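There are 2 protein chains.
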Amino acid sequence: MNRQELVNLIKERQSYLCVGLDTDLQKIPKHLLSHADPVFAFNKAIIDATKDLCVAYKINTAFYESMGIRGWESLQRTIEYIPSGIFTIADAKRGDIGNTSTQYAKTFFDTYNFDSVTVAPYMGRDSVEPFLQFPEKWAIMLGLTSNEGSRDFQLQQFGDEFLFEKVLKAGMQWGTPDNLMFVVGATQSSQLGYIRKLVPDHFFLVPGVGAQGGSLEEISRQAMNKDCGLLVNASRAIIYAGNGEDFAEEARKVAKQYQLEMASYLSQIAVGTL
Amino acid sequence: MNRQELVNLIKERQSYLCVGLDTDLQKIPKHLLSHADPVFAFNKAIIDATKDLCVAYKINTAFYESMGIRGWESLQRTIEYIPSGIFTIADAKRGDIGNTSTQYAKTFFDTYNFDSVTVAPYMGRDSVEPFLQFPEKWAIMLGLTSNEGSRDFQLQQFGDEFLFEKVLKAGMQWGTPDNLMFVVGATQSSQLGYIRKLVPDHFFLVPGVGAQGGSLEEISRQAMNKDCGLLVNASRAIIYAGNGEDFAEEARKVAKQYQLEMASYLSQIAVGTL
């Protein structure tokens, strides 16, 4: 999916919601465990219940990988089930020397046909560039993450700037707003406005709204740009909203709340009142 | 495998060679392509030909992941075929927030029974610690890598130290020489001696000898400690030494050269002449 298609999708749906499919066998409703592929059965119901409310699905590959080949089968069924026209993210945090990153890019862009993959920056330019060579595919590079450990390196100062600023600036030289997004953590919302000034045009994938506590209003106020420029992810807050037979309806209710709130911020930004 | 077992293995075999199974369908001998699982057929032959000369095998997961489920099947057959008592490394460069890193640790330690996995440090302490919770299993954290892109962030200065030094020092606080190793790149051999002073006890996984050009003598002189403390990896230089029916014999010849050279450095260090 290219940038204009993504921007159009956000406008049409009045949503910049990304639903995170961090599907964990331990946490899904018990009645699904009799299915041949309980993870896919869960994801299918969540997708059916939310596909008109979100613009993206994010698959956290770790939850699938940990189940071995069975998990990759669930992942493959899930990515194939997501309706075309919705943006897909492999949240895999890959990154290695050039020829190895090329293999990872092939994995997620060719083998599984995701629109994007999250990428770790520590190994530098030649570890990220292979992900930027595929037409209408995206790398989403870690900038500032929302976990406690972001203080260990990302928020350490290099002279007059933090490491994460150096990473964002480098990324802006390697990729463009058409093939590179950044992960910018929601629990650091005080810094979101500063980061938006530094990076005016690129999309941000903001994890951690909901269960992890970021405020959607604050994120939107600080970091929305004229094209929206945001994909805000909620995983547990949506997919585990309910735990009974009606889990998908419960998930839809929460997704709908987010979508309505997002529609409100999109119209406020359109008239300049956000 | 625990540290003492690894040290004993190195002494017994007079080797600290790690053979990297970066197996690529495009590069293996053509006559293998008729096998049901050509990647495993290749790996099996390489393992048979080198298993008495090396102390570790490193599987670069990207090459397997890019083939989808078929690739994971080849990976599983390969890890099961490696004789017990040889150290195994999943070169996967994972790292994410805590609950996701726990899923990655389960993937490689429980589901596939690797001894170790390579880990990316950018997300900090809570992204690395889940890999340190498994008895007799190891995290191998990126310190200084051998690629061009190591200059982008790792070799940037934070006040009076480079980022990679900060990463190594942090790692030493999070893990111990019994559950944490570091990736230290061979093409930076001028810095290996300095890094060994900074990190006296932990094992280093040194990639990039051979095809990538590091000198085994220089690496050994600079970075060996009293327990050896090194796993030196060669991938392409060994596994693609030949391209005909005799590829495994050719691989064995190169592995044997490395092993003999390593035996020489181990005896020199034992008598203090290295």
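If you read the sequences in order, they're chains A and B. Per the UniProt record's numbering, the very first residue in the first sequence carries number 1; after that it's consecutive. Per the UniProt record's numbering, the very first residue in the second sequence carries number 1; after that it's consecutive. Just so it is clear, CB atoms sit at the ideal spot from N, CA and C, and this is done for glycine as well. Note that the structure is predicted; figures quoted are calculated from it, not measured.
Discussion item. Suppose contacts are defined by Cβ-Cβ distances below 8 angstroms. Is residue 208 of chain A in contact with residue 124 of chain B by that definition?
Written reply: No, the pair does not count as a contact, with Cβ atoms beyond the cut-off.
Inset, instruction - Would you verify that the beta carbon of residue 23 of chain B is, or is not, closer than 8 angstroms to some beta carbon of chain A? - result: No, no contact with chain A.
Q) Under 8 angstroms Cβ-Cβ, which residues of chain B neighbour residue 251 of chain A? A) Contacts between residue 251 of chain A and chain B, judged by CB atoms closer than 8 angstroms, are missing: the closest CB pair is about 19 angstroms apart.
**Prompt:** Sorted by chain position, which residues of the same chain lie with C-beta nearer than 8 angstroms to residue 241 of chain A's C-beta, five sequence neighbours on each side aside?
**Reply:** Result list for residue 241 of chain A: 247, 250, 251, 253 and 254, in chain order.
Could you check which residue in A/231, A/224 and A/169 has the C-alpha nearest to that of residue 273 of chain A? Of the listed residues, the one whose Cα sits closest to residue 273 of chain A is A/224.
Rounded to whole angstroms, what's the CA-CA distance from residue 71 of chain A to residue 87 of chain B? Just pull it up for me.
Between the C-alpha atoms of residue 71 of chain A and residue 87 of chain B there is a straight-line separation of about 26 angstroms.
- [ ] Answer with buried or exposed for residue 168 of chain A, where buried requires no fewer than 16 other C-beta atoms within 10 angstroms of its C-beta.
- [x] Around the Cβ of residue 168 of chain A, a 10 Å sphere holds 16 or more other Cβ atoms; the residue is buried.
Review point. DSSP state of residue 100 of chain B, grouped into three classes?
Key: Helix, per DSSP.
field: Length at least 4, wholly inside the region 167-250 of chain A: the alpha helix (DSSP H) runs in chain order
entry: Segments of the alpha helix (DSSP H) lying fully in the region 167-250 of chain A: 189-198, 216-223 and 236-239.
Would a check of beta-carbon distances place residue 39 of chain B closer than 8 angstroms to chain A?
It does not: the Cβ of residue 39 of chain B has no partner Cβ on chain A nearer than 8 angstroms.
Requested in this report: Could you pull the start and end residues of the alpha helix (DSSP H) that residue 48 of chain B belongs to?
Outcome: Per DSSP, residue 48 of chain B belongs to the alpha helix (DSSP H) from 38-50.
**Message:** Contact criterion: CB-CB distance below 8 angstroms. Does residue 121 of chain B meet it with respect to chain A?
**Reply:** Cβ-Cβ to chain A under 8 angstroms: yes for residue 121 of chain B.
With distances taken between CB atoms, is the gap from residue 239 of chain B to residue 23 of chain B smaller than 8 angstroms? Yes, the Cβ-Cβ distance between residue 239 of chain B and residue 23 of chain B is below 8 angstroms.
Review point. From the beta carbon of residue 162 of chain B, is the nearest beta carbon of chain A less than 8 angstroms away?
Key: Answer no: the Cβ-Cβ gap between residue 162 of chain B and chain A never drops below 8 angstroms.
*Quick one: does residue 328 of chain A have its CB under 8 angstroms from some CB of chain B?*
Residue 328 of chain A falls outside the range modelled here, since chain A spans only 1 to 274, and no answer is possible.
Own chain partners of residue 222 of chain A with C-beta closer than 7 angstroms, once the 5 adjacent residues on each side are dropped: The beta carbon of residue 222 of chain A sits closer than 7 angstroms to those of 189, 192, 193 and 196, all from its chain and outside the five residues before and after it, given in chain order.
query: Which residues, in order along the region 137-150 of chain B, keep a beta-carbon less than 7 angstroms from a beta-carbon of chain A?
result: Of all residues in the region 137-150 of chain B, only 142, 145, 147, 148, 149 and 150 come within less than 7 angstroms of chain A when Cβ atoms are compared, listed by chain position.
Original post:
Whose CA, out of A/179, A/218 and A/264, lies closest to the CA of residue 5 of chain A?
Top reply: Considering only A/179, A/218 and A/264, the residue with the shortest C-alpha distance to residue 5 of chain A is A/179.
Identify the contact partners of residue 69 of chain B in chain A, using a Cβ-Cβ distance below 8 angstroms as the criterion. Neighbours of residue 69 of chain B across chain A, judged by C-beta separation under 8 angstroms: 69, 72, 73 and 76.
Check whether chain A comes within 8 angstroms of residue 239 of chain B, counting only Cβ atoms and requiring the distance to be less than that. For residue 239 of chain B, no CB of chain A lies under 8 angstroms from its own CB, so it is not counted at the interface with that chain.
- Taking the alpha-carbon positions, what's the residue 232 of chain A to residue 218 of chain A distance? Rounded to the nearest whole angstrom, the CA to CA distance from residue 232 of chain A to residue 218 of chain A is 12 angstroms.
How would you label residue 229 of chain A, buried or exposed, when you count the other beta carbons within 10 angstroms and need 16 or more for buried? It is buried - the Cβ of residue 229 of chain A has at least 16 other Cβ atoms within 10 Å.
Exposed unless 16 or more other CB atoms sit within 10 angstroms - verdict on residue 176 of chain A:
Exposed, since its Cβ has fewer than 16 Cβ neighbours within 10 Å.
- Item | Chain-order list of residues whose beta-carbon lies under 7 angstroms from that of residue 31 of chain A (same chain, five-residue window excluded) | Closer than 7 angstroms at the Cβ level, and outside the excluded window around residue 31 of chain A, lie 245.
What do you reckon, are the CB atoms on residue 69 of chain B and residue 73 of chain A nearer than 8 angstroms? A contact, by the Cβ cut-off of 8 angstroms.
Exercise. Indicate the three-state DSSP secondary structure (helix, strand or coil) for residue 122 of chain A in the structure shown.
Key: Correct three-state label for residue 122 of chain A: coil.
- Less than 8 angstroms separating the beta-carbons of residue 62 of chain A and residue 61 of chain B? Result no, Cβ atoms of residue 62 of chain A and residue 61 of chain B do not sit closer than 8 angstroms.
Check your understanding: Which residues mark the beginning and the end of the beta strand (DSSP E) in which residue 19 of chain B is found?
Key -> In this chain, the beta strand (DSSP E) harbouring residue 19 of chain B covers 17-21.
Sequence-distant residues of the same chain with beta carbon closer than 6 angstroms to residue 275 of chain B, five excluded per side = Absent from the structure is residue 275 of chain B, since the part of chain B shown begins at 1 and ends at 274.
| request: Using a Cβ cut-off of 9 angstroms, pull out every chain A residue sitting near residue 133 of chain B, in sequence order please. | output: By Cβ distance, chain A contributes nothing, its closest Cβ being about 15 angstroms from residue 133 of chain B, past 9 angstroms.
Should residue 94 of chain B go down as buried or exposed, given a rule of 16 or more other Cβ atoms within 10 Å for buried?
-> By the 10 Å Cβ count, residue 94 of chain B comes out buried.
For the structure I just gave you, are there three or more beta carbon pairs, one from the region 133-146 of chain B and one from the region 106-124 of chain B, closer than 8 angstroms?
Short answer: they touch.
Express the C-alpha separation of residue 156 of chain B and residue 236 of chain B in angstroms, rounding to a whole number. If you take the alpha carbons of residue 236 of chain B and residue 156 of chain B, they lie about 30 angstroms apart.
Evaluate residue 36 of chain B with the Cβ neighbour count: other Cβ atoms within 10 Å of its Cβ, from every protein chain shown; 16 or more gives buried, anything less gives exposed. By the neighbour-count rule (16 or more Cβ atoms within 10 Å), residue 36 of chain B is not buried but exposed.
From this set, B/111, B/164 and B/174, which residue's C-alpha is nearest residue 133 of chain B's C-alpha? Closest option to residue 133 of chain B, judged by alpha-carbon separation, among B/111, B/164 and B/174: B/174.
Exercise. Please confirm if residue 66 of chain A has its CB atom under 8 angstroms from at least one CB of chain B.
Key: Cβ-Cβ to chain B under 8 angstroms: yes for residue 66 of chain A.
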